[in-house]
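For the protein sequence lines, the chains are P and G, in the order given. The first sequence stops at residue 813 when you use my numbering, and every number in between is there. The second sequence stops at residue 978 when you use my numbering, and every number in between is there. For glycine and all other residues, C-beta sits at the position ideal for the given N, C-alpha and C. All of these numbers come straight from a predicted model, not from anything done at the bench. These notes are about the structure you will find just below.
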Amino acid sequence: MAPHSIIGQPLPMTDAPAKITGLGKYADDLLVPGMLYGKILHSPHAHARIRAIDTSKAEALPGVKAVATGGDAPHPYGILPIGHDERVFALDKARYIGDNLAAVAAVSLELAEQALDLIEVDYELLPAWFDPLESMQATRDWIHESKPNNIEKEYHHVFGDVEKGFAEATFVREERYFAGEVTHAAMEPHSTLAVWEPDGRLTVYSSTQVPYYLHRTISEVCEMPMSQIRVIKPLVGGGFGGKSEVIPLEVAAPVLAKKAYRPVKITYTREEVFYAHRGRPITIVDLKVGLTREGKISAVAARVVQDGGAYCGYGPVTVLYSGALLGAIYDIPNVRFDGYRVLTNKPACGAMRGHGTVNVRFAFEVMLDALAHDAGLDPAEVRRRNLLKAPCLTANGLRVTSYGLPECIEKVVERSGWAAKKGRLPFGRGVGLACSHYVSGAANPIIRSNMPHTTVHIKIDRDAAVTLYTGASEIGQGSDTIQVQIVAEVLGVRPERIKLVAADTELTPVDLGSYSSRVTFMAGNACLEAAKNMRAQILEGVARKFGCDPQLLEARDDMVFTLDDSRLRLRFEEAVGAALDFRGALVAQGTYAPPEEARGGKFKGAGVGPSPSYSYSAQVAEVSVDTETGQIQVHRIIAAHDCGKALNPLTVEGQIEGSVYMGLGQALQEEMLWNKGRLMNPTLLEYRIPSTLETPEIESIIVESMDPEGPFGAKEAGEGSLAATIPAVANAIYDAVGVRIHSLPITPEKVLAALHDKQLRGGGAVKREKGGAR
Amino acid sequence: MAKELIRLKVNGEVHEAAVPPSKLLLDVLREDLGLTGSKRGCDDSSCGCCAVLVDGVPMLSCVAIASCYQEEEIVTVEGIAPPGELDPVQEGFAVAGGAQCGYCTPGFLIATKALLDRRPRPTLEEIRDALSSNLCRCTGYMQIYESVKLAIERASSRAAAAQAPVER
Chain P
40 MAPHSIIGQP LPMTDAPAKI TGLGKYADDL LVPGMLYGKI LHSPHAHARI RAIDTSKAEA
100 LPGVKAVATG GDAPHPYGIL PIGHDERVFA LDKARYIGDN LAAVAAVSLE LAEQALDLIE
160 VDYELLPAWF DPLESMQATR DWIHESKPNN IEKEYHHVFG DVEKGFAEAT FVREERYFAG
220 EVTHAAMEPH STLAVWEPDG RLTVYSSTQV PYYLHRTISE VCEMPMSQIR VIKPLVGGGF
280 GGKSEVIPLE VAAPVLAKKA YRPVKITYTR EEVFYAHRGR PITIVDLKVG LTREGKISAV
340 AARVVQDGGA YCGYGPVTVL YSGALLGAIY DIPNVRFDGY RVLTNKPACG AMRGHGTVNV
400 RFAFEVMLDA LAHDAGLDPA EVRRRNLLKA PCLTANGLRV TSYGLPECIE KVVERSGWAA
460 KKGRLPFGRG VGLACSHYVS GAANPIIRSN MPHTTVHIKI DRDAAVTLYT GASEIGQGSD
520 TIQVQIVAEV LGVRPERIKL VAADTELTPV DLGSYSSRVT FMAGNACLEA AKNMRAQILE
580 GVARKFGCDP QLLEARDDMV FTLDDSRLRL RFEEAVGAAL DFRGALVAQG TYAPPEEARG
640 GKFKGAGVGP SPSYSYSAQV AEVSVDTETG QIQVHRIIAA HDCGKALNPL TVEGQIEGSV
700 YMGLGQALQE EMLWNKGRLM NPTLLEYRIP STLETPEIES IIVESMDPEG PFGAKEAGEG
760 SLAATIPAVA NAIYDAVGVR IHSLPITPEK VLAALHDKQL RGGGAVKREK GGAR
Chain G
811 MAKELIRLKV NGEVHEAAVP PSKLLLDVLR EDLGLTGSKR GCDDSSCGCC AVLVDGVPML
871 SCVAIASCYQ EEEIVTVEGI APPGELDPVQ EGFAVAGGAQ CGYCTPGFLI ATKALLDRRP
931 RPTLEEIRDA LSSNLCRCTG YMQIYESVKL AIERASSRAA AAQAPVER
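Below, the structure is given as structure tokens:
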């Protein structure tokens, strides 16, 4: 008998029927009687004092039921306890083009839009800051008075002896890398429906990855107890981090609903989604890495400046991740990190798939490739020489419990034909290798507490239906399916027997949300514990009723039976019936909190980076470069990902391929283009997320390292692969035509400029030779 | 603006709605007919989430004036299979991972349905081309191709089953 009957199966997602019939409801699909349409007035100025707002004409427009401004909800909020610097509507200043000033609720969208035009705002324009390096030198006109020099936060960490490390190095490189700003571009624009209930309560349906943080924030800004507010997450059309903190419409709609005593729905246009942003910041990485003659990394120094936009958001966490996850992938004894989160008059950045790690990983893996060439080593070999020996604790206090990176490297080297291709393809074609990793959830919650990060409940009654109450947020990544599979496996029932009630603050226990790739590991472990508890209750009931040893009972395939002989064989309904006789309706609870030893060191900023477990990825990209046009064609990406154990290989592969796809977009074509705080490409057409025509073949390979603490050995699958894609492509371009591009996205213009540069330095025409020594 | 009465043939049924003359087909479907399967994902007709079949041709309902389509047969995602049944295209997307968040799925289903109605056995290049007007941010498209291939298989086995002599 196979060890598992449901774990490891490529089951279709449990919510697939809702999605393939068009009958599933996303927030904007919801209509309730009497519903009003809300629209938000955004600032046309990047930095301006608001002298006065006159809403009287808007209020007088027939059909307008409420107009709200800053004074209606003056409490500051923000995702981090140290960053409560946003208000539903600006009170004193507009800090970016698109900042929220007022909102209208009216009987139709057209009337709401008309009413916005009637609101008169008296602005006093202020000098604005757009360039992060200039902004951090600012001596006046600071974006927030409490943040001198427009620096939101800075961190300085040293582990080991960095100078000694560089002294031991034979090869040292020091370079600047730049990454442009990218955004999530989930297909579903944000939408929130806030329903004012006749008993004075609020019910809020929202496209969110974090219903419980939203619950808390609505309570703060609406000055209502959490007990009077219910947040429900309907189907969510993709998140990628863009819905992982409270987005302005999510608080604007409740404020309007409360003021109008009516249901109010606000749905962003795509342009508003771009300005709501919270994506990956412009990042400037000054990186120095030393390599010994033997190919060992002896020291790393990184100075990272992130252009965070006008509000704090997740900023300090983003910059801390960029430093913390220099560790936990290779064995690096000496590290110096200087990180700066800088404010500018642009929309706030935030968490985006691979939060904080992606741009630094690009820099690091490209530099490691260059150092390998300096040392005459194969890029795969230099990585082999710097592997960790898990289990271990890294220099910066991260605990690594399982480590499939070596196998990931071997798999992609073998599958890509690396040995035959690296440095051996004709000029213009090349291969590149890179690695990455990511957390399986943050070991420390955003709001520090000792509460479990997830609690789930299971209920079984007379009908023998298994109801799983979980706060975890399905956003398309398949978390509902994974939780159902875990519970079904442990209880020995068919997945269809399980009814999942999820992400409804009135019904489900708290789960921190779908961010930092935490759900499989954390909600999964909570489900495992609850299901084991429930299983024990059922088997004990059966044993008591039929006078047998519960240890000898097995539950599988919707049956409960004795292992020693086959005389007792009950249908699941009968087994449940036996247990109900003694207990009434069965309930079980499971929780998960990361172990104390996984929570990291004690220094300032040590809370970000620690995780109960890390995923690992290695990738090989094969590309062609046209030296006449600079055009890059990616032929294929081979991506191996260590997810611990693939609870559902179908959804794991979907996550790997989706991550690679998003990495490719950032590598080659996506970039938010700013002109004095105005976004020049706020549409999908111009921002250019890759279509089928621009997406090459992606081949995913699952590596299973069986994490000792993950549910059935599982860990992260949804984010870790993204970061390897970008440097793999950059390294392949070098292999193809011998130029290193240190700036993302790698456009044809940059390639041509680099080729031209190389030609000037080399004298004469572009040499038909492959890059570097080998 | 004064409303006018329009009559649309959607999913085999005739619907009447009083709408402003300029109202978009997508908004009429979603707001007046309660067919919310078709989605709005962009402002510039670039995402394909709103695609519907108009006389068998995939069209973006976000740039179609509803009143101009009173003669045509319109099919939305809700109508690509009879109630209680699934089209092979739907089965393919459910089983092979073609739908992650599901928001783009209606548009992909419509585009795929139109492709397979026209060419029951397309090559990968033809699939890639036919789906190039639809954006998906989740899958990287690989499992969408797998879904289409599975739909092709299921459609041909259904056709074979329909032709097989009934056993007595």
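C-beta atoms of residue i and residue j nearer than 8 Å
i: P:C447; j: P:V742; result: yes
i: P:H223; j: P:F279; result: yes
i: P:R319; j: P:M391; result: yes
i: G:Q900; j: P:I59; result: yes
i: P:A575; j: P:G629; result: no
i: P:G716; j: P:I158; result: no
i: G:Y913; j: P:G552; result: no
i: P:S663; j: P:G759; result: no
i: G:D865; j: G:E883; result: yes
i: P:I182; j: P:L140; result: no
i: G:D854; j: P:L724; result: yes
i: P:G291; j: P:I79; result: According to the sequence provided, residue 291 of chain P is Ala. The question's Gly does not apply to it. In contact: P:A291 and P:I79 (Cβ atoms closer than 8 Å).
i: P:G347; j: P:V381; result: yes
i: P:Y554; j: P:S283; result: yes
Neighbour flag for residue i against chain P, beta carbons, 8 Å
i: G:M952; result: yes
i: G:E826; result: no
i: G:C948; result: yes
i: G:L919; result: yes
i: G:D853; result: yes
i: G:P916; result: yes
i: G:Q900; result: yes
Limits of the unbroken beta strand (DSSP E) element including residue i
i: P:T108; result: V103 to T108
i: G:M869; result: V867 to L870
i: P:T231; result: S230 to W235
i: P:H93; result: For the sequence presented, residue 93 of chain P should be read as Asp rather than His. Element bounds for P:D93: A87 to D93.
i: P:R317; result: It is not in any beta strand (DSSP E) - P:R317 carries neither H nor E in the DSSP assignment.
Residue range of the unbroken alpha helix (DSSP H) whose run includes residue i
i: P:V356; result: G354 to A363
i: P:K58; result: A55 to I59
i: P:H795; result: P787 to G801
i: P:H254; result: P250 to C261
i: P:R422; result: P418 to R423
i: P:L69; result: Premise fails: P:L69 is in no alpha helix (DSSP H) and is neither H nor E.
i: P:V290; result: P287 to A299
Expected contact under 8 Å - CB spacing of residue i and residue j to nearest Å
i: P:M226; j: G:L839; result: Not really, about 18 Å apart at Cβ, beyond 8 Å.
i: P:F621; j: P:R583; result: 6 Å
i: P:A679; j: P:V451; result: 5 Å
i: P:S245; j: P:K272; result: 7 Å
i: P:V529; j: P:T494; result: Not a contact, Cβ separation roughly 17 Å.
i: P:I577; j: P:A706; result: Not a contact, Cβ separation roughly 51 Å.
CB contact below 8 Å: residue i versus chain G
i: P:P386; result: no
i: P:K806; result: Note that P:K806 has pLDDT 48, beneath the 50 cutoff, so the model's placement of it is unreliable and the number below is only indicative. False, the Cβ-Cβ gap to chain G never drops below 8 Å.
i: P:V699; result: yes
i: P:E310; result: yes
i: P:I728; result: yes
i: P:G810; result: Residue placement at P:G810 is poorly supported in this model, since its pLDDT is 47, which falls under 50; the coordinates still yield a value, given next. Answer no: the Cβ-Cβ gap between P:G810 and chain G never drops below 8 Å.
i: P:T690; result: yes
i: P:E696; result: yes
i: P:P372; result: no
Chain-ordered neighbours of residue i on chain P, where CB pairs are closer than 8 Å
i: G:R938; result: T731 and L732
i: G:V888; result: The question names Val, yet the displayed sequence has Glu at residue 888 of chain G. By Cβ distance, chain P contributes T60, G61 and L62.
9 Å Cβ cut-off: residues of chain P touching residue i
i: G:Y913; result: K58, Y65, A225, M226, E227, L274, V275, G276, G277 and G515
Under 7 Å from the C-beta of residue i: neighbouring residues of chain G
i: P:A55; result: A904 and A909
i: P:D68; result: T846
i: P:G693; result: G907, Q910, T949 and Q953
Neighbouring residues, chain P, relative to residue i (Cβ below 7 Å)
i: G:D842; result: Per Cβ cutoff of 7 Å: no residues; G:D842 is ~11 Å from chain P at best.
i: G:C872; result: By Cβ distance, chain P contributes nothing, its closest Cβ being about 11 Å from G:C872, past 7 Å.
i: G:L941; result: T731
Residues that residue i contacts on chain G, provided the C-beta gap is smaller than 9 Å
i: P:L723; result: G851, C852, D853, D854, S856, C857 and L945
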